[in-house]
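Below you'll find the structure, written out as structure tokens, and then a few comments.
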Amino acid sequence: MLTAIISLTGLALVFGLLLGFASKIFAVEEDPVVDKIDAILPQTQCGQCGFGGCRPYAEAIANNKANINQCPPGGEATIMQLSDLLGVDPLPLNEEHGQHQEKRVAIIDEQTCIGCTRCIQVCPVDAILGTAKHMHTVITEECTGCDLCVPACPIENCILMIPVQSDIYNWKWKAPNDAR
Amino acid sequence: MTHAKPNLYTFAGGLALKGHKTLSNQRPIAQLPIPPQLVIPIQEHIGQITEPVVKVGDEVYKGQLLARTTGKISSPIHASSSGEIIAIEHHPVPHPSGLQAQCIIIATDGKDQWLTPPRYQSDYLNKSTPQLLQKIADAGIVGMGGAGFPASVKLSPKQSIDTLILNGAECEPYITCDDLLMQTHAQDIMLGTEIIMQILGAKQCFIGIEDNKPKAIEAMQHALKPLGKNNIEVVVIPSYYPTGGEKQLIRVLTGQSIPSKAIPAEFGMLCHNVATAYAIYHAIAYQQPLISRIVTVTGSAIQQPQNIDVLIGTTIDDLVQACATDPANIPHLIMGGPMMGYSLKHIATPIIKTSNCVLALEQALSPPAMPCIRCGQCADVCPVQLLPQQLYWYAHAKDMDKIQNYALFDCIECGCCSYVCPSRIPLIQYFRYAKQEIWAQEKEQQKSDHARQRHQAREARLARQKAEREQARAKKKQALKKSADNQSDDPKKAAIAAALERVKQKKAKQTTSTDE
Numbered sequence: 001m002l003t004a005i006i007s008l009t010g011l012a013l014v015f016g017l018l019l020g021f022a023s024k025i026f027a028v029e030e031d032p033v034v035d036k037i038d039a040i041l042p043q044t045q046c047g048q049c050g051f052g053g054c055r056p057y058a059e060a061i062a063n064n065k066a067n068i069n070q071c072p073p074g075g076e077a078t079i080m081q082l083s084d085l086l087g088v089d090p091l092p093l094n095e096e097h098g099q100h101q102e103k104r105v106a107i108i109d110e111q112t113c114i115g116c117t118r119c120i121q122v123c124p125v126d127a128i129l130g131t132a133k134h135m136h137t138v139i140t141e142e143c144t145g146c147d148l149c150v151p152a153c154p155i156e157n158c159i160l161m162i163p164v165q166s167d168i169y170n171w172k173w174k175a176p177n178d179a180r
Numbered sequence: 001m002t003h004a005k006p007n008l009y010t011f012a013g014g015l016a017l018k019g020h021k022t023l024s025n026q027r028p029i030a031q032l033p034i035p036p037q038l039v040i041p042i043q044e045h046i047g048q049i050t051e052p053v054v055k056v057g058d059e060v061y062k063g064q065l066l067a068r069t070t071g072k073i074s075s076p077i078h079a080s081s082s083g084e085i086i087a088i089e090h091h092p093v094p095h096p097s098g099l100q101a102q103c104i105i106i107a108t109d110g111k112d113q114w115l116t117p118p119r120y121q122s123d124y125l126n127k128s129t130p131q132l133l134q135k136i137a138d139a140g141i142v143g144m145g146g147a148g149f150p151a152s153v154k155l156s157p158k159q160s161i162d163t164l165i166l167n168g169a170e171c172e173p174y175i176t177c178d179d180l181l182m183q184t185h186a187q188d189i190m191l192g193t194e195i196i197m198q199i200l201g202a203k204q205c206f207i208g209i210e211d212n213k214p215k216a217i218e219a220m221q222h223a224l225k226p227l228g229k230n231n232i233e234v235v236v237i238p239s240y241y242p243t244g245g246e247k248q249l250i251r252v253l254t255g256q257s258i259p260s261k262a263i264p265a266e267f268g269m270l271c272h273n274v275a276t277a278y279a280i281y282h283a284i285a286y287q288q289p290l291i292s293r294i295v296t297v298t299g300s301a302i303q304q305p306q307n308i309d310v311l312i313g314t315t316i317d318d319l320v321q322a323c324a325t326d327p328a329n330i331p332h333l334i335m336g337g338p339m340m341g342y343s344l345k346h347i348a349t350p351i352i353k354t355s356n357c358v359l360a361l362e363q364a365l366s367p368p369a370m371p372c373i374r375c376g377q378c379a380d381v382c383p384v385q386l387l388p389q390q391l392y393w394y395a396h397a398k399d400m401d402k403i404q405n406y407a408l409f410d411c412i413e414c415g416c417c418s419y420v421c422p423s424r425i426p427l428i429q430y431f432r433y434a435k436q437e438i439w440a441q442e443k444e445q446q447k448s449d450h451a452r453q454r455h456q457a458r459e460a461r462l463a464r465q466k467a468e469r470e471q472a473r474a475k476k477k478q479a480l481k482k483s484a485d486n487q488s489d490d491p492k493k494a495a496i497a498a499a500l501e502r503v504k505q506k507k508a509k510q511t512t513s514t515d516e
């Protein structure tokens, strides 16, 4: 009886220590869920979700403070990915935050620009080049189409948001069920 | 030497299709007068786009370089005839979108004058492998059977190759350009094969030709005899679609199945089209760039279906006219064959290096789709043993993760599943859509990762600037406080006091002097 208790306790101790050390030594560093959510979001940093950017929105989702359907630029695809990741039911996009649009880029009308630098200050990805009292321009490749520069601009029709032109390099076949 | 291979293999699925080949292969290859205008797209291959080296107004000669490569996987473009460059602008190109892309447009002068006329060199094989590869690259040769991968890149694989497979199967209905090429230029193809084998160091070569091309088989066997090579073999294979697919042809000829995600080179094999071998021979022996190809112009809407030797950049309306057909009378135009081709929206689209067939039909091939009845016929005919039905469900539901679990990217888009579907579901359209959607999503993901980096860099910079400002402010504050503490020692204050003192004295002096 006593030997049984001692041997079992001993075994439990040994294995407990073994497992304890193993969990420390072979610990897998996993991405916290915020990083995973942030990786799915489109990184336009537009703030249409009601948060200050993609990362704050990701944090809000992780803390159950926001729904997964508040990202208009990401649209249906992002909602599907988030629902897969978090194991929640997909929801239709919340239209209060805006509608999913085709990808657009900002273009500055060089004739109209007065060189006020306001757009440069709000661009979340530093995609606008220029300096005070000199014409500014958008690096189209870097523009995420977030729209934030448009309200910042004091001149009317200076910054225009234009849809990305379709060419043979970015053209896609349409889903046959969409066509009908 | 030139016998049918005793043991041929079969692949799963596939279809015995009606060939419609006699429509176009009964006439000899026609020559076209030089068209008044040539429209040459600056991208005719897979890989990086080329960069024009000519400008509007330049006089160019036949064979002159028009656009040079910009990367490793790229292929130069040459002028197909002599004339003047009248524009470098957007023009419809052969692409399923019907969109425009950059093209160099030449108004031909009709003289067809070469920059350096092709001259036969008898010692053409007496060169090192890198020299031969360079010549092939400079001649702008791309795979002419389909995708247009630069030939010089494909001919320098990492793995060692012992078997060359030459593809003369031409399994898709209506198309006969390789058939006619083999009938009329069998010797050049054989010599090209020799060059390819020398470059690769291949020990043997199988030339696979479907048995519905008896004349081509005879011509190729006849051309092989004088070479006296017993390691090259013309193999007659059954006419069965899609035997001309790379992996399918390798399976039929050697019994080797190339698994998913692997390429034939990993098994010591390489596959080239007969037309590519022909172009390689002319590039090496005659220093001739790739500026023309044979194109099948056929279909029920063509009055005189035939094969034509076409200068690259000739537009399809010129081709159709040469076949006694009014370009305005074509209800449905397809680039390529009926199984794998795509509809063309503009008849002014030019022929490029990879255009093998122009198919003009009196009616479109797509009746309305009905719901899937789960009959499973698509899975029976799939030559890659996929489950088209499952792929269809996931493509329909836009579930791009699950569809990849069903090996979507192994689909060769042969069209067998769409062809047999009793509900006429355009399965291939779904798969093409899903593939491109996945590629686009990957690209988007890269872009958004990039945007995240830029955003983080900006945030870090703003935070750093703020910290620096605060630090500077704190420093200043401290300095002020310090000066307030020991005011008496401040040299500035002392200097000001001294100055004030001097002014006072001066004023005092002045007042005394005015009093006097």
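As given, the protein sequences belong to chains A and B, one line each in that order.
Going by this note's numbering, 98 is the number at position 98 of the first sequence; the sequence numbering is gapless.
Going by this note's numbering, 216 is the number at position 216 of the second sequence; the sequence numbering is gapless.
Note that the Cβ used here is the ideal one computed from N, Cα and C, for glycine as well.
Buried/exposed call for residue i, threshold 16 Cβ in 10 Å
| i | result |
| --- | --- |
| residue 510 (chain B) | exposed |
| residue 289 (chain B) | buried |
| residue 501 (chain B) | exposed |
| residue 180 (chain A) | With a pLDDT of 43 at residue 180 (chain A), under the threshold of 50, the modelled position of this residue cannot be trusted; read the value that follows with caution. That one is exposed. |
| residue 76 (chain A) | exposed |
| residue 90 (chain B) | exposed |
| residue 53 (chain A) | buried |
| residue 94 (chain B) | buried |
| residue 323 (chain B) | buried |
| residue 43 (chain B) | buried |
| residue 134 (chain B) | exposed |
| residue 375 (chain B) | exposed |
| residue 11 (chain A) | exposed |
| residue 292 (chain B) | buried |
| residue 370 (chain B) | exposed |
| residue 179 (chain B) | buried |
| residue 461 (chain B) | exposed |
| residue 156 (chain A) | exposed |
Closer than 7 angstroms at the beta carbon, the chain A residues around residue i
| i | result |
| --- | --- |
| residue 535 (chain B) | Outside the modelled stretch of chain B, which goes from 1 to 516, sits residue 535 (chain B), for which no answer is possible. |
| residue 437 (chain B) | 172 |
As assigned by DSSP and simplified to three states, the class of residue i
| i | result |
| --- | --- |
| residue 167 (chain B) | strand |
| residue 91 (chain B) | strand |
| residue 14 (chain A) | helix |
| residue 75 (chain A) | helix |
| residue 214 (chain B) | helix |
| residue 91 (chain A) | coil |
| residue 161 (chain A) | strand |
| residue 128 (chain A) | strand |
| residue 4 (chain B) | Low confidence applies here, because residue 4 (chain B) scores a pLDDT of 46, under 50, leaving its location unreliable; read the following figure in that light. Reduced to three states, the DSSP call for residue 4 (chain B) is coil. |
| residue 141 (chain A) | helix |
| residue 67 (chain A) | coil |
| residue 44 (chain B) | coil |
| residue 287 (chain B) | coil |
| residue 511 (chain B) | helix |
| residue 62 (chain B) | strand |
| residue 516 (chain B) | The pLDDT assigned to residue 516 (chain B) is 47, lower than 50, so where the model puts this residue is not dependable, and the model offers no usable value. |
| residue 97 (chain A) | helix |
Where the alpha helix (DSSP H) containing residue i begins and where it ends
| i | result |
| --- | --- |
| residue 388 (chain B) | 388-396 |
| residue 173 (chain B) | Unbroken run through residue 173 (chain B): none, as it is neither H nor E. |
| residue 318 (chain B) | 316-322 |
| residue 483 (chain B) | 427-485 |
| residue 381 (chain B) | 377-381 |
Chain A contact residues for residue i, given Cβ-Cβ distances below 8 angstroms
| i | result |
| --- | --- |
| residue 433 (chain B) | 172, 173, 174, 175 and 176 |
| residue 346 (chain B) | What residue 346 (chain B) touches in chain A: nothing, since even the nearest Cβ is about 13 angstroms away. |
Host beta strand (DSSP E) of residue i (start-end)
| i | result |
| --- | --- |
| residue 170 (chain A) | No beta strand (DSSP E) holds residue 170 (chain A); DSSP gives it neither H nor E. |
| residue 231 (chain B) | First-last for residue 231 (chain B): undefined, no H or E at that position. |
| residue 292 (chain B) | 292-298 |
| residue 309 (chain B) | 306-311 |
| residue 106 (chain A) | 104-108 |
| residue 102 (chain B) | 100-108 |
Nearest-angstrom Cβ-Cβ length linking residue i and residue j, presumed shorter than 8 angstroms
| i | j | result |
| --- | --- | --- |
| residue 246 (chain B) | residue 205 (chain B) | With a Cβ gap of about 15 angstroms, residue 246 (chain B) and residue 205 (chain B) do not count as contacting. |
| residue 53 (chain B) | residue 315 (chain B) | Between residue 315 (chain B) and residue 53 (chain B) the Cβ distance is about 23 angstroms, and since that is not below 8 angstroms, they are no contact. |
Partners in chain B for residue i, counting only beta-carbon separations shorter than 9 angstroms
| i | result |
| --- | --- |
| residue 131 (chain A) | Going along chain B, no residue has its Cβ under 9 angstroms from residue 131 (chain A), so there is no contact; the nearest lies around 16 angstroms. |
| residue 53 (chain A) | 455 and 459 |
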